[in-house]
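Notes follow once the structure below has been shown.
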Amino acid sequence: MSQRLKSSLAVGVLTLLGKLPLRWLHRISNALIFLLLIFPNQSHRQTKINIERCFPELNPTHKANLVRQSLRHTLYAAL
Numbered sequence: 002m003s004q005r006l007k008s009s010l011a012v013g014v015l016t017l018l019g020k021l022p023l024r025w026l027h028r029i030s031n032a033l034i035f036l037l038l039i040f041p042n043q044s045h046r047q048t049k050i051n052i053e054r055c056f057p058e059l060n061p062t063h064k065a066n067l068v069r070q071s072l073r074h075t076l077y078a079a080l
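In the numbering used here, the protein residues as written are 2 to 80.
Dropping the structure here:
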């Protein structure tokens with residue numbers, strides 16, 4: 002795929018996302034969070050490390066909830 006085509010596709014997707022209501026963007030983010038939690042990726046790893054370092058006293062369930070919430074809000078901001 003050529004660089005120009007990739008750029009045009011990215012601009013098109015961002016333009017479409019910019020026209021969607023905030024509620025829809027949050028729903029899209031909530032769907033994408035599932036993928037971030039299932040597939041290994043840098044964002045998930047780094048968030049997990051940060052939560053572990055900041056809140057070592059929390060139990061694993063609370064830490065997992067914080068990781069999920071943090072990634073969700075990161076996606077909200079990105080979209």
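Cβ atoms here follow ideal geometry from the backbone N, Cα and C, with glycine treated the same way.
Notebook entry, point to check: Which ranges does the beta strand (DSSP E) cover as unbroken runs of at least 3 residues, wholly within the stretch 32-63, from first to last along the chain?
Noted result: none
Notebook entry, point to check: Does the stretch 34-52 touch the stretch 62-74, meaning 3 or more C-beta pairs lie closer than 8 angstroms?
Noted result: yes
Notebook entry, point to check: Hey, L67 and I34 are a contact pair by Cβ (cut 8 angstroms); roughly how many whole angstroms apart?
Noted result: With a Cβ gap of about 13 angstroms, L67 and I34 do not count as contacting.
Notebook entry, point to check: Start and end of the alpha helix (DSSP H) containing L18?
Noted result: Q4 to K20
Check: For the candidate residues H27, K7, S3 and L6, whose alpha-carbon lies nearest to that of A78?
Finding: H27
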